[in-house]
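**Q** Residue numbers (the working numbering): 515 to 920.
#1: What residue from 900, 705 and 566 has the CA that sits closest to residue 764's CA?
#2: Mapping DSSP to helix, strand and coil, what is residue 674?
#3: Which word fits residue 596, buried or exposed, when buried means at least 16 other C-beta atoms lie within 10 angstroms of its C-beta?
#4: Does the separation of the CB atoms of residue 685 and residue 772 fall below 8 Å?
#5: Going by the CB atoms, is the gap between residue 769 and residue 666 shorter than 8 Å?
#6: Run through the DSSP bridge pairs and tell me what residue 896 is partnered with.
#7: Give the C-beta separation of residue 852 and residue 890 to the nearest angstrom, bearing in mind that I take them to be a contact with Cβ-Cβ under 8 Å.
#8: Could you compute how far the alpha carbon of residue 715 sits from the alpha carbon of residue 677?
#9: Taking the DSSP output, what are the residues bridged to residue 866?
#10: Nearest CA to the CA of residue 848: which residue from 735, 610 and 879?
#11: According to DSSP, residue 771 sits in a beta bridge with which residue or residues?
#12: What residues are listed by DSSP as bridge partners for residue 742?
#13: For residue 722, count neighbouring Cβ atoms within 10 angstroms of its own Cβ and tell me buried if that reaches 16, exposed if not.
#14: Would DSSP call residue 737 helix, strand or coil?
#15: Within the 8 Å Cβ cut-off, does residue 811 reach chain B?
#16: Just grab the DSSP bridge partners of residue 823 for me.
#17: With 16 other CB atoms within 10 Å as the buried threshold, where does residue 779 fall?
#18: Taking its Cβ as the centre, do 16 or more other Cβ atoms sit within 10 Å of residue 830, making it buried, or is it exposed?
#19: For the beta strand (DSSP E) that contains residue 654, what are its first and last residues?
#20: I'd like to know if the stretch 657-664 and the stretch 860-873 are in contact, where contact means that at least 3 CB-CB pairs between them fall below 8 Å.
#21: Do the stretch 783-801 and the stretch 635-649 touch if we need at least three Cβ pairs shorter than 8 Å?
#22: DSSP state of residue 762, grouped into three classes?
#23: Would you please state the rounded distance, in angstroms, between the beta carbons of residue 647 and residue 604? I believe it to be under 8 Å.
#24: Do residue 583 and residue 559 come within 8 Å of each other at the CB atom, strictly closer than that value?
#25: Quick check on residue 623: does DSSP put it in helix, strand or coil?
#26: CA-CA distance, residue 741 and residue 668?
#27: Leaving aside the five residues before and after residue 532 along the sequence, list all residues of the same chain whose C-beta is less than 8 Å from its C-beta, in chain order.
#28: What is the residue span of the beta strand (DSSP E) that residue 709 lies within?
#29: Just to confirm, are residue 734 and residue 700 a CB contact at a threshold of 8 Å?
#30: Can you name, in chain order, every residue of its own chain whose Cβ lies under 8 Å from the Cβ of residue 823, other than the five neighbours on each side?
#31: Taking residue 707 as the reference, give the member of 574, 565 and 755 with the closest Cα.
#32: Can you grab the Cα-Cα spacing for the pair residue 729 / residue 681, in whole Å?
#33: When we look at the beta-carbon of residue 655 and count the other beta-carbons within 10 Å, is it buried (16 or more) or exposed?
#34: What's the C-alpha gap between residue 592 and residue 601?
#35: Check each candidate in 776, 692 and 664 and name the one with the smallest Cα separation from residue 738.
#36: If you reduce the DSSP assignment to three classes, tell me which class residue 901 lands in.
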C-alpha cells in the first residue's frame, strides 16, 4: 500500500470539488489519485501539470514520490530527500492546500470582518494567514459573495507584525494604495505589487513600525513560495496575482488580514451587520440632533486624532455647536469593516456637511474600539485621501507582465 508523502493527511480525505485547470486543483486531483491507489493516473496528471508549471515544487515532490512508489513502498514523506526545512515547508504547503480544497465549511459563509459595504466597494479581499489563503469577495447588493480564493505566502516569522524588520505579516484592516508594474520592480517581487497602507492609524497607536507591506508576485524562476517565505508581504503566484488585480480599485479595495477568520452563516452575518450599522447610525443621528452631550458619548476617553485628545476634541465640538442654528450631515459610500483578531471597527465614508456658516465634502475614516464596559466608541477620526471612484480600475496588465506570468 502506498505510504509515501501524504500519509500525513490521510485523516483529511474529503470529497473534492470538480477541478478546473488551475495548477493547485490539478495538484490536488493527482493527490486524490494517489490516495485512491491510482498511481498511473497520478503520474500522468503530474506529468501534465509539470509540463505547464515546471517550477511548481510541491508538484515536483509528489511526482518524485509517485515514481519511487513504482519500485518500493515509501515509508516516510519525501523519501529520498533530506528532512530539510524545504521539505517541511512543502509538506505544510500541500497540507494547507488540501485542507482548503475539501468539504469547504466556509463556502456559503461570510467573514465577520466584512460588515457594511456600500455600492462603490465592488470587491473586498480577506487573507487568512493561518490557512495561507486569500479570498476575493464580490459585493452583491451589499452582501459579500465569495468568487475566488488562492494560496498565499506570508512573512518568514509568521503573523502579527509589531516592528520593522521582524519578518512578520501585519494583522488588520488595510486598503490598496497604489500599483507598481513589474517593469519597476526587482524580479523577486514578480509581475506587479500592490502596496497597502501599513502602518495604519491603529498600528501607529500601538507603536507598530515598519513599511513596505505589499501584495506581490514571485520571481520568474518560481511558481510559488512556501507558506512562510516573505519579509512580511502577502505573496501569490504571478498568474494568481494578476487575477486578483482585476478586482482591485486603488485607494478603495479593502484587504483584511487575519491570523484566523471568523465565518458566519447568512443569518448570523445579517445580525452582525445590523449591530454595526446601528452603532454607526446612532452616532450620525446624535450629531445631526445638535445634542453635543449625546454626540460626545460616542467618543472614547482615549480618543486622539493626532491633534486633539478627548478633552480638546470635546471643547472644540461644544464651541462649534454653539454657533450652529442647523446642520445637515449626510454620509455616502460607507464601509464598516472589523479587525479579524481585535475588537476594532474601521468606518470609511464620504461626509457631506452643511450648516448656517460652513459646508464641506470630505472623505473620513474612524476607528472604533470595544471598551472595557462593552460599549463601542470612536478612538480616532480623521480625513483620508479622496477614494477612487468605482469605475477607475488598475492599469491594464502589460504584455510584458503577462509574458513574465507565463
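Virtual Cβ for every residue (Gly too), placed ideally from N, Cα, C.
**A** According to the structure data:
#1: If you compare the alpha carbons of 900, 705 and 566 with that of residue 764, the shortest gap goes to 900.
#2: coil
#3: With a pLDDT of 44 at residue 596, under the threshold of 50, the modelled position of this residue cannot be trusted, and the question is left open.
#4: yes
#5: no
#6: 879, per the DSSP bridge assignment.
#7: At roughly 11 Å, the Cβ-Cβ gap does not stay under 8 Å, so residue 852 and residue 890 are not in contact.
#8: The C-alpha of residue 677 is placed about 15 Å away from the C-alpha of residue 715.
#9: Residue 866 is bridged by DSSP to 844 and 875.
#10: 879
#11: 641 and 686
#12: 668
#13: buried
#14: coil
#15: Here chain B cannot be found, since the structure has a single protein chain.
#16: For residue 823, the beta-bridge partners assigned by DSSP are 818.
#17: exposed
#18: exposed
#19: 647-654
#20: Contact fails: fewer than three Cβ-Cβ distances are below 8 Å.
#21: no
#22: coil
#23: Rounded to whole angstroms, the Cβ separation of residue 647 and residue 604 is 17 Å, and the two are not in contact under 8 Å.
#24: no
#25: Of the three classes helix, strand and coil, the one that applies to residue 623 here is coil, per DSSP.
#26: 6 Å
#27: The pLDDT assigned to residue 532 is 38, lower than 50, so where the model puts this residue is not dependable, and the model offers no usable value.
#28: 706-709
#29: no
#30: 817
#31: 755
#32: About 15 Å.
#33: exposed
#34: In this prediction, residue 592 scores a pLDDT of 49, lower than 50, which makes its location untrustworthy; the coordinate-derived value is nonetheless stated afterwards. One C-alpha to the other measures close to 7 Å.
#35: 664
#36: coil
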